[in-house]
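Protein chains: 2
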Amino acid sequence: MTRRGAYAKGIAKREEILTTALEVVAAHGYRRASVRELADAVGLSAAGLLHYFDSKEELFTAILRKRDEHDQTAYGTDGAGLDMLLTVIRHNATVPGLVQLYAQLAVEAVDPAHPAHGFFRERTDGLQEHFRAAVVRAQENGELRGDLDPAWVATSVQALSDGLQSMWLLDPAIDMAAHIERFLDALRPGAHPQGGTAS
Amino acid sequence: MTRRGAYAKGIAKREEILTTALEVVAAHGYRRASVRELADAVGLSAAGLLHYFDSKEELFTAILRKRDEHDQTAYGTDGAGLDMLLTVIRHNATVPGLVQLYAQLAVEAVDPAHPAHGFFRERTDGLQEHFRAAVVRAQENGELRGDLDPAWVATSVQALSDGLQSMWLLDPAIDMAAHIERFLDALRPGAHPQGGTAS
DNA sequence: GTCTATAAGTCGATAGAC
DNA sequence: GTCTATCGACTTATAGAC
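So the sequences go chain by chain: A and B.
The opening residue of the first sequence carries number 1 in our numbering; numbering runs sequentially from there.
The opening residue of the second sequence carries number 1001 in our numbering; numbering runs sequentially from there.
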């Protein structure tokens, strides 16, 4: 915003840092969400890292934003609504460090004064609208029961995903995607025989 | 061990501290889970508080244990399985500080080396078994569809509760109990007309 | 039993050398 | 643009006075 001459280069370096941070957090996880730890991970000093970000909160919010952006382009093949959720969840099961970072920042951002509060609010609103539209389509296609309130299904799907990720962090034996698939199966019209156990 | 009088008194003071901590956290919430902050809240210095607890983690784990204990005696009228969950969730909606403390410690305890890790693992296992048995009873009474895997329903109910609490912390307009009721309604046998919207 | 004082460490963030 | 060095404000935890 305030930089002029090195604007393009600064932006590029910022993106490079975020991409590296995503990879290294995904691969090695992290212990605390501290600037020093992340600086070591991306190969900079803490001061060097904060040259590109105004504060710790802005830095970690930017990482989560970059994650969403990546997931959107990687798995968001246009109208794929609830299928995309399953794809993302399956991907998340391979990057526990990112899931942990997300969960940790989400709790801290509960305070309306937290710099990331707006990010999570807007993210939730966007996901809710995305899911709600997908539920309406699924109902029109006869894949979901028509008597269900789309907004309720949307909220439930997101709450279930968040909750399953918390439980999975605690016990990685849980199959998150299978649980969500079963949830959607249980809401299909007609008879619903179930197979074996999930997790 | 050798000094009986002091032993009993120490235990009593411990309990008193925990009860006070529960009340004050429930009423005023808290910002960070720091010993200093809680010490102020219960009217002791940080050193005085740590006289009764070996470490910060043990202290906060004890608070959550006390919370479960309180909820169990207050709302756990024997066999009331899924009804108790709704009662507790409705109560939780009146104590955001406790919900926040729980969510924060749960994320930190994801690390198997964290002192509270065992607490959360055992708590999850206990709840799962409790819910699973309640689901089996509900199925026998015809209140839930018989084709559903009880273990799956149990996990889903807990994940949904956890996820709803996270979303509620972010946006207190959400009606957590109503969402869970709808979930259970959606899994009842026969037709399932739904009423208005749930937040 | 509870305090003050303080140790020993980490945190985010800044100043200034290069 | 990135570093070293450092600041001041925190943290948990301990030692010892009372």
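Don't be surprised by glycine CBs; every beta carbon is placed ideally from N, CA and C.
Remember, predicted model here, so these are calculated numbers, not experimental data.
Report the rounded CA-to-CA distance for residue i versus residue j, giving the unit in angstroms.
i, j, result
"A/LEU170", "A/TYR7", "42 Å"
"A/ARG145", "B/ASP1071", "36 Å"
"B/LEU1049", "A/PRO112", "30 Å"
"B/VAL1153", "A/LEU187", "13 Å"
"A/THR20", "B/LEU1184", "43 Å"
"A/PRO115", "A/LEU18", "18 Å"
"A/SER161", "A/ALA26", "19 Å"
"B/ALA1177", "B/HIS1091", "10 Å"
"A/VAL88", "A/TYR75", "7 Å"
"B/TRP1168", "B/ALA1103", "12 Å"
"B/GLU1108", "B/ARG1132", "27 Å"
"B/ALA1046", "B/LEU1059", "12 Å"
"A/ARG36", "A/GLU140", "51 Å"
"A/ALA151", "A/ALA138", "13 Å"
"B/GLY1029", "A/GLU143", "43 Å"
"A/GLY163", "B/GLY1163", "4 Å"
"B/ARG1121", "B/HIS1130", "14 Å"
"A/GLY190", "A/SER55", "53 Å"
"A/ILE63", "A/ILE11", "14 Å"
"B/GLY1196", "A/ASP40", "Residue placement at B/GLY1196 is flagged as unreliable, the pLDDT there being 47, under the threshold of 50; the coordinate-derived value follows with that caveat. Near 52 Å, if we compare the C-alpha coordinates of A/ASP40 and B/GLY1196."
"A/THR77", "A/GLY126", "16 Å"
"A/THR73", "B/PRO1172", "32 Å"
"A/ALA69", "A/VAL24", "Here residue 69 of chain A is Glu; the residue named in the question, Ala, does not match the sequence. Spanning the two alpha carbons is a distance of roughly 17 Å."
"B/ARG1182", "B/ARG1065", "29 Å"
"B/LEU1044", "A/LEU44", "42 Å"
"A/VAL110", "B/VAL1110", "19 Å"
Looking at the unbroken alpha helix (DSSP H) that takes in residue i, where does it start and where does it end?
i, result
"B/PRO1150", "1150-1170"
"B/ALA1093", "Here B/ALA1093 belongs to no alpha helix (DSSP H), and DSSP marks it neither H nor E."
"B/PHE1183", "1176-1186"
"A/GLY43", "It is not in any alpha helix (DSSP H) - A/GLY43 carries neither H nor E in the DSSP assignment."
"B/LEU1059", "1056-1075"
"A/TYR7", "7-28"
"A/ASP125", "117-140"
List the whole-angstrom C-beta distance separating residue i from residue j, where the pair is believed to meet the contact cut-off of C-beta under 8 Å.
i, j, result
"B/TYR1052", "B/LYS1009", "Not really, about 11 Å apart at Cβ, beyond 8 Å."
"B/HIS1225", "A/SER156", "What the structure shows of chain B is the stretch from 1001 to 1199, and residue 1225 of chain B is not part of that stretch, so it cannot be assessed."
"A/LEU98", "A/ARG67", "6 Å"
"A/LEU105", "A/ALA33", "7 Å"
Pick out whichever of the options has its Cα sitting closest to the Cα of residue i.
i, options, result
"A/VAL202", "A/GLU57, A/GLU16 and A/GLU58", "Residue 202 of chain A cannot be examined here, being either before or after the span of chain A that is shown, 1 to 199."
"B/GLU1093", "B/ILE1011, B/GLU1108 and B/ILE1174", "For clarity, residue 1093 of chain B is Ala in the given sequence; the question names Glu instead. The candidate whose alpha carbon is nearest that of B/ALA1093 is B/ILE1174."
"A/PRO96", "A/LEU22, A/GLU181, A/ARG182 and A/PRO189", "A/LEU22"
"B/LEU1148", "B/ALA1062, B/LYS1056, B/ASN1141 and B/VAL1135", "B/VAL1135"
"A/ARG123", "A/LYS56, A/GLN158 and A/VAL99", "A/GLN158"
"A/LEU101", "A/ARG31, A/MET84 and A/ASP83", "A/ARG31"
"B/GLU1057", "B/PHE1119, B/GLY1126, B/LEU1086 and B/ASP1125", "B/PHE1119"
"A/GLN128", "A/ALA106, A/ARG182 and A/LEU85", "A/LEU85"
"B/HIS1117", "B/THR1061, B/ILE1011, B/PRO1172 and B/THR1073", "B/THR1061"
Is residue i near the ligand SAH, going by C-beta to nearest heavy atom under 7 Å?
i, result
"B/GLN1165", "As presented, the structure is devoid of all ligands, the ligand SAH included, so that no description of it is given."
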